[in-house]
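Trainee: When we follow our numbering, the leftmost residue of the sequence shown carries the number 492, and every step to the right adds one.
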Amino acid sequence: MSDATIDAATFAELQESAGADFVKELVQTFLEEAPAMLSELREALAAGHADAFRRAAHSLKSNSLTFGALALAALAREQELGGLDAARQPDALGPLEAEYARVARALEALCRG
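1. Secondary structure at S493, three-state DSSP: helix, strand or coil?
2. Which value, in whole angstroms, describes the spacing of the CA atoms of E507 and A562?
3. Tell me whether the stretch 585-596 and the stretch 565-577 touch, counting them as touching only if at least three CB pairs, one residue from each stretch, are closer than 8 Å.
4. Under DSSP, the alpha helix (DSSP H) around P581 begins and ends at which residues?
5. If you draw a straight line from the alpha carbon of F502 to that of S553, how long is it in whole angstroms?
6. Using the three-state DSSP reduction, which class does A500 fall into: helix, strand or coil?
7. Just to confirm, are A577 and Q570 a CB contact at a threshold of 9 Å?
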């Protein structure tokens, strides 16, 4: 995996198959929904709801893969597979949230460009 925040080939393929305008709409939806998914992760962790935690991590992983946000998807997958026990480590969700912030900036730049 490259250190690019967004895999250029995946993003280009999405634009080619769905159209650039539709991809902008998809990105906008992702940028609106992903923060809610991150909140769901934190809330499920605090409440001890393993199923809700896994579902939110799975959704974030799947949506990230759509755009080629491979590092974000990998971090979400780790949370999905690790579950609540792994997430209880100090600031376990910090790297996921930081990577989402990078992805959000990169997607916004790609849609402007």
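Heads up, the beta-carbon is just placed ideally off N, CA and C, and yes, glycines get one too.
Mentor: Quick look at the numbers:
1. With a pLDDT of only 43 at S493, under the threshold of 50, the placement of this residue in the model should not be trusted, and no figure is reported.
2. 22 Å
3. yes
4. P581 -> no alpha helix (DSSP H), and no H or E assigned at all.
5. 14 Å
6. helix
7. yes
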